[in-house]
Structure formats: structure tokens, C-alpha cells
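Residue numbers (my numbering): 1 to 161.
For every residue, glycine included, the Cβ atom is placed at its ideal position computed from N, Cα and C.
Okay, so here's the structure we're looking at.
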């Protein structure tokens, strides 16, 4: 949803990575002529991760490989590389989501909270696998890993008590 306020402020609510270029063109077309770029055409370059032709992550079972490829495209191997010990351990026995996804979400996607991982970075919630043991495991991974990877000069989130 793109709206222009009374003062000319352009606001964007919603959108997805797959539509961000279309949204950007829409916003740019609403700018005044003095600010609007002369050329308004979306790039045809592949989106990040879309350059992978084979849905195979080497060294990973076919189901997990297909799952990771479906979510991350050509970046699937990078997700596995963030896994460290137990990278391919399932977060729930009935679902394909793995430990590496939690670490990737923290390291690359700035996920800080359990809900951010369970609801937006994995398929756990949509599969009905958002259980207390799963949430505890994700929290443990986030907390343990966050303190182990804390960088000097970078603020760390403090969980609410």
C-alpha cells in the first residue's frame, strides 16, 4: 500500500521482496518532477538467491535441501554454513526447519526474538509446530549464540523479564 500524505510524505506499508521493485517504481512515480528520476524502469537482475539452478545443498538430505532451497534459493548453502555444531538438527521432528536457520536469522537477518524466528524466519508456526519445547530450543539457541558471538561496540538485546 502506497499513500501520499497532505504534506507530500510518501508512505509504504507492506510488500514483499518479490515486489519491492514494483513498489519502488510506484513511489518514485509519485515524486514531484524536480525529484523524480528521468528513467523509471525496474531492474531485470535476479533477486538475491534466485541464481541457483539446482535445488541441492551438498551434504544435506534431499528433504532438508529442498526446504532450504525453497526458502532461501541460492543462499541455502550459506544458511547451512551458519549452522556450526548441530546445524542440521531439526527444530521439531515433524518439520524440516533446522538449527542453521536460527543462526542464519540471527547473524544475517537480525532476528532477536523467538517469535521473529518461529513466525517469520522458519515454517514452524505455519505448520502448527510452534510448541513450547520448540520455542525453548529457539530461545536457547538465540541466547547462547548471541552471548558467544557478541561483538565489542555492538549493542545486544536484553530479554524482558
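Checking 8 Å against the spacing of the C-beta atoms, do residue 83 and residue 99 come in under that value?
yes
Please classify residue 133 as buried or exposed, where buried requires at least 16 neighbouring CB atoms within 10 angstroms.
exposed
Rounded distance between the beta-carbons of residue 28 and residue 40, thought under 8 Å:
6 Å
Grouping DSSP H, G and I as helix and E and B as strand, with all else coil, what is residue 109?
helix
Rounding to the nearest angstrom, what Cα-Cα distance links residue 55 and residue 5 in this structure?
Any reading at residue 55 needs caution, since the residue's pLDDT is 49, under 50, leaving its predicted position unreliable; the model's value is listed next. Looking at the two C-alpha atoms, the distance is approximately 44 Å.
Report buried or exposed for residue 12, applying the criterion of at least 16 other Cβ atoms within 10 angstroms of its Cβ.
exposed
Quick one, which of 60, 119 and 38 has its alpha-carbon nearest residue 81's?
60
Whole angstroms are fine: how far does the CA of residue 111 sit from the CA of residue 97?
16 Å
Beta strand (DSSP E) runs contained entirely in the stretch 3-34, provided each spans 3 or more residues
10-12
Among 21, 88 and 138, the one whose alpha carbon lies nearest that of residue 119
138
What does the alpha-carbon distance come out to for the pair residue 34 and residue 86?
55 Å
On the CB-based measure, 16 or more other CB atoms within 10 Å of its CB, does residue 126 come out buried or exposed?
exposed
Whose C-beta lies closer than 7 Å to the C-beta of residue 64 among residues of the same chain, with five residues either side of it excluded?
88, 96 and 98
I need the straight-line Cα distance from residue 70 to residue 79, nearest angstrom please.
12 Å
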